[in-house]
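**Q** As numbered in my numbering, the sequence shown has no gaps in its residue numbers, which increase by one up to the final residue, 1438. Take this structure, written in structure tokens, and hold onto it; I'll ask about it next.
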Amino acid sequence: MKFAHSILALALVAALPVVAHAERGFEVRDLAKLDRVSSPILSPDGRKLAKRVVDFAANKSATALWVEDLFARDAAPPVRLTPEGWNVNSPEFSNDGASVYFLSAKNGSMQLYSIPTAGGTPVQLTDIAGDVGGFRISPDGKSVALAIEVYPECKADFQCSMKIDKEKQDRKATGKVFDRMFIRHWDAWNEGKLNRVFVAALPTGGAKIAQATLVGGDVIGDVPSKPFGDSSEFEWAPDGKSLVLSARKADREEPWSTNFDLWHVQADGTGAAKNLTASNPAWDTGPVFNADGSKLFYRAMKRPGFEADRFALMEMDMASGATREIAPNWDASANGIALSEDGKSIYTTAQTLGQDPLYTVDIATGATKTIVPDGSVGSVALAGPTLVYTRNTLQTGDQIFAAQLDGATPRAITKSTGETLPDVKFGDAQQFKFAGWNGETVHGYVVKPWNYEPGKKYPVAFLIHGGPQGSFGNGWSYRWNPQTYAGQGYAVVMIDFHGSTGYGQAFTDAISQHWGDRPLEDLQKGWAAAQQQFDFLDGDKACALGASYGGFMVNWIAGNWNAPWKCLVSHDGVFDQRMMG
């Protein structure tokens, strides 16, 4: 009888009109609920992939670690490695690939754990008084470098830092005295602590690290940097006897300085730190050694005090200290370094004409080759014969792709946003260009509404990016995402005005001391060009919106160009430049 009712129910479902499963536009709630993949890492043989997956089920996020065999995907599907209820970050394979290290605050504070790649129970490796902010495993797999925030006067006494925190917490007075800047950097208040690097032997037999050796103790600065730095800012030498740290001195010049230097320090904490880049008063970061430690690769800016300068790829001879720029004629800003197994090429990403492609750069000649031409490539990992990376576009969040380095076509390891949400339709995106300020070519994107029909006109959301040295290119965002507007029936227009990144350094520099006039001219000409090239844009029903610098520009528009707009939305935008002085 129950079976008969089931058949009847199926028949009724089949008879329902298609509208029961009608397509719909992408919504803000979809953006918030999407599972997110990140941090792909490879085992040393390039066979196994581990990745972080954020699951927003039950209205509560949980970041789990998953592992799979890339060479046997059909026979061995991905397996969740960490147990339910664990939030993890910063995964790193052990040198033999038998386990994965990661950070978790499962037991109250952020500590280092390991778990067998074959599955098992996480093992806590540190019991530091405080939080472990990052780590790097030594080349021989016997030691670990830990990034921990401490009070400088406490040095390697972690209990000392906890005691000071407790004393501050117990004070009845809530006032604070700041005797130097930064008072706050972005959303991070300066409480007098520094991120510092400590080294300890990896424990065995259930022991836990409670004490560690401070390295580079005479380098008074944050490693990793605050508030956006990570473990790529410190690197082990291949022999495991020393490390290189990227740090800016925490002195009275810090708030307006970009002078991050590379410091060579001994892993046992002895000796004085050696400044490897003292001759460059600008930014040096991202150190990566070659296999024998004879060369150090890193990224460097040339102009001090300018955060939006071009990051060049550099090579340093460790014996002589001589440096050279690897690709001086490449007018792009490199973002990260992954060294090929033979040590002859660097894999890096760099914004280029509204895309963020993956490139290889020949170390000897500086010649560049595009590996992934479009979309926005993020995390990149190399091991053995395998390359993995994340990639997103204006129509999908991050996916993980894997490819063999012999040139085989990359394959998607994770689903696209469209595959995850099969009933959701996204607006098609198209890049366009026009003559902007000074007659120079400016690029932009138009995103159609999800329910676009030829011959109809649609209201417009005119989005203005922040930075101002940033870009609204072919990439996904969990903040200002044009698909959330397209999903409500709006067309979206975005202009990469002068000052944007990815169009050469001169284009980026053009906004300096011209915060209002040149970008506004580009936006005005871009709005006119978009209406001319895309007849579905309803110029009588348009709203301009922006955040940060975009909010500043919306405020500027309110006083200089408000005629076209039915509404203006300024999110955290400066309205009085005197306040910035």
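C-beta: ideal position from N, C-alpha, C; glycine also. Since we're looking at a predicted model, the values are computed, not measured.
1. At what residue ranges does the segment 886-939 contain a whole run of the beta strand (DSSP E), taking only runs of 3 or more?
2. According to DSSP, is GLN1212 part of a helix, a strand, or is it coil?
3. Taking just the CA atoms, how far does THR939 sit from ASP1014?
4. Assign TYR1342 to one of three DSSP states: helix, strand, or coil.
5. Output the distance between the C-alpha atoms of TRP1418 and GLY1211, rounded to the nearest integer angstrom.
6. When the Cα atoms are used, what is the spatial distance from PHE1289 to ILE1352?
7. Please say whether GLN1287 and SER1273 have beta carbons closer to each other than 9 Å?
8. Do the segment 1302-1320 and the segment 1350-1364 meet, that is, are 3 or more Cβ pairs less than 8 Å apart?
9. Assign MET1171 to buried or exposed, taking buried as 16 or more other Cβ atoms, counted over all protein chains shown, within 10 Å of its Cβ.
10. Please list, in chain order, all residues of the same chain as ALA1240 whose beta carbon is under 6 Å from its beta carbon, the five residues on each side excluded.
11. Tell whether a beta-carbon distance below 9 Å holds between GLN1261 and PRO1242.
12. Going along the chain, which residues of its own chain have a beta-carbon closer than 6 Å to the beta-carbon of GLN1434, five neighbours each way excluded?
13. Quick one: which unbroken beta strand (DSSP E) runs of 3-plus residues sit fully inside the segment 1353-1419? Chain order, please.
14. Roughly how many whole angstroms lie between the Cα atoms of ARG1440 and TRP1043?
15. Beta-carbon within less than 6 Å of ASP1465's beta-carbon, same chain only, minus the 5 sequence neighbours each way: which residues are those?
16. Can you tell which of ARG1336, GLN1326, TRP1307 and THR1365 has its C-alpha closest to the C-alpha of PHE1393?
17. With distances taken between CB atoms, is the gap from PHE1291 to ALA1386 smaller than 9 Å?
18. Which residues share a DSSP beta bridge with GLY882?
19. Within its chain, find whatever has a CB closer than 6 Å to the CB of ALA1415; leave out the 5 residues flanking it on each side and keep chain order.
20. Just tell me which of TRP1046, LYS1020, LEU1003 and TRP1093 has its CA closest to the CA of VAL1056.
21. Am I right that LYS1423 and GLY1293 are in contact with their C-beta atoms under 8 Å? What's the rounded C-beta distance?
22. Using the Cα positions of ASP1149 and SER1099, report the straight-line distance between them to the nearest angstrom.
23. By the DSSP assignment, the alpha helix (DSSP H) with GLU1024 in it spans what residues?
24. Provide the residue span of the beta strand (DSSP E) that contains GLU1310, from first to last.
25. Tell me the DSSP bridge mates of PRO1095?
26. Whose CA, out of VAL1304, PRO1214, SER1197 and LEU1196, lies closest to the CA of GLY1359?
27. Confirm, please, whether the CB-CB distance from GLN968 to ASP988 is below 9 Å.
28. Compute the Euclidean distance between the alpha carbons of LEU865 and ALA879, then round it to the nearest angstrom.
29. Could you have a look at THR1274 and say whether DSSP puts it in helix, strand or coil?
30. I'd like to know if the segment 1058-1078 and the segment 1139-1147 are in contact, where contact means that at least 3 CB-CB pairs between them fall below 8 Å.
**A** Straight from the coordinates:
1. 893-899, 905-912 and 919-926
2. Locating residue 1212 in the sequence shown gives position 355, counting from the first residue. Strand at GLN1212.
3. The residue you call residue 1014 lines up with position 157 of the sequence shown. The residue you call residue 939 lines up with position 82 of the sequence shown. Roughly 31 Å between the two C-alpha positions.
4. Counting from 1 along the sequence shown, the entry for residue 1342 is found at position 485. It is helical.
5. Mapped onto the sequence shown, residue 1418 falls at position 561. Mapped onto the sequence shown, residue 1211 falls at position 354. When rounded, the distance between both Cα atoms is 26 Å.
6. Counting from one through the sequence shown, the residue named residue 1289 turns up at place 432. Counting from one through the sequence shown, the residue named residue 1352 turns up at place 495. Cα-Cα distance, rounded: 9 Å.
7. Here residue 1273 refers to the residue found at position 416 of the sequence shown. Here residue 1287 refers to the residue found at position 430 of the sequence shown. No.
8. yes
9. Residue numbering aside, residue 1171 sits at position 314 when the sequence shown is read from its first letter. That one is buried.
10. Position 383 of the sequence shown, counting from 1, holds the residue named residue 1240. Taken in chain order, the residues that qualify are LEU899, PRO901 and GLY903.
11. If you number the sequence shown from 1, residue 1261 lands on position 404. If you number the sequence shown from 1, residue 1242 lands on position 385. A contact, by the Cβ cut-off of 9 Å.
12. Numbered from 1 along the sequence shown, position 577 holds the residue referred to as residue 1434. There are no such residues.
13. 1394-1404
14. Residue coverage of the chain in this structure runs from 858 to 1438, which leaves residue 1440 outside it and unanswerable.
15. Residue numbering for the chain in the displayed model covers 858 to 1438; residue 1465 lies beyond these limits and cannot be assessed.
16. What you label residue 1393 is simply residue 536 of the sequence shown in a count that begins at 1. The residue with the shortest Cα to Cα distance from PHE1393 is TRP1307.
17. Mapped onto the sequence shown, residue 1291 falls at position 434. Mapped onto the sequence shown, residue 1386 falls at position 529. Result yes, Cβ atoms of PHE1291 and ALA1386 sit closer than 9 Å.
18. Numbered from 1 along the sequence shown, position 25 holds the residue referred to as residue 882. Paired residue(s): LYS1282.
19. Counted from its first residue, the sequence shown places residue 1415 at position 558. Cβ neighbours of ALA1415 beyond the five flanking positions: LEU1425.
20. For the purposes of this step, residue 1056 is identified with residue 199 of the sequence shown, where counting begins at 1. Taking only the C-alpha atoms, the option nearest VAL1056 is LEU1003.
21. On the sequence shown, residue 1423 is found 566 positions in, with the first residue counted as 1. On the sequence shown, residue 1293 is found 436 positions in, with the first residue counted as 1. So it is not a contact: roughly 24 Å between Cβ atoms.
22. One-based indexing of the sequence shown puts residue 1149 at position 292. One-based indexing of the sequence shown puts residue 1099 at position 242. Going from the Cα of ASP1149 to the Cα of SER1099 covers about 13 Å.
23. Numbered from its first residue, the sequence shown carries residue 1024 at position 167. Unbroken alpha helix (DSSP H) run through GLU1024: 1015-1027.
24. For the purposes of this step, residue 1310 is taken as residue 453 along the sequence shown, with counting starting at 1. Segment: none, GLU1310 is in no beta strand (DSSP E) and carries neither H nor E.
25. For the purposes of this step, residue 1095 is taken as residue 238 along the sequence shown, with counting starting at 1. Note: PRO1095 sits in no beta bridge, so no partner.
26. As a working mapping, residue 1359 is identified with position 502 in the sequence shown. Considering only alpha carbons, the answer is PRO1214.
27. For this step, residue 988 is matched to residue 131 along the sequence shown. For this step, residue 968 is matched to residue 111 along the sequence shown. A contact, by the Cβ cut-off of 9 Å.
28. Working through the sequence shown from its first residue, we reach residue 865 at position 8. Working through the sequence shown from its first residue, we reach residue 879 at position 22. Because the pLDDT at LEU865 is just 30, under 50, the model does not fix this residue reliably, and the value given afterwards should be weighed accordingly. Their backbone Cα atoms lie some 23 Å apart in a straight line.
29. The residue labelled residue 1274 in the question sits at position 417 within the sequence shown. Reduced to three states, the DSSP call for THR1274 is helix.
30. no
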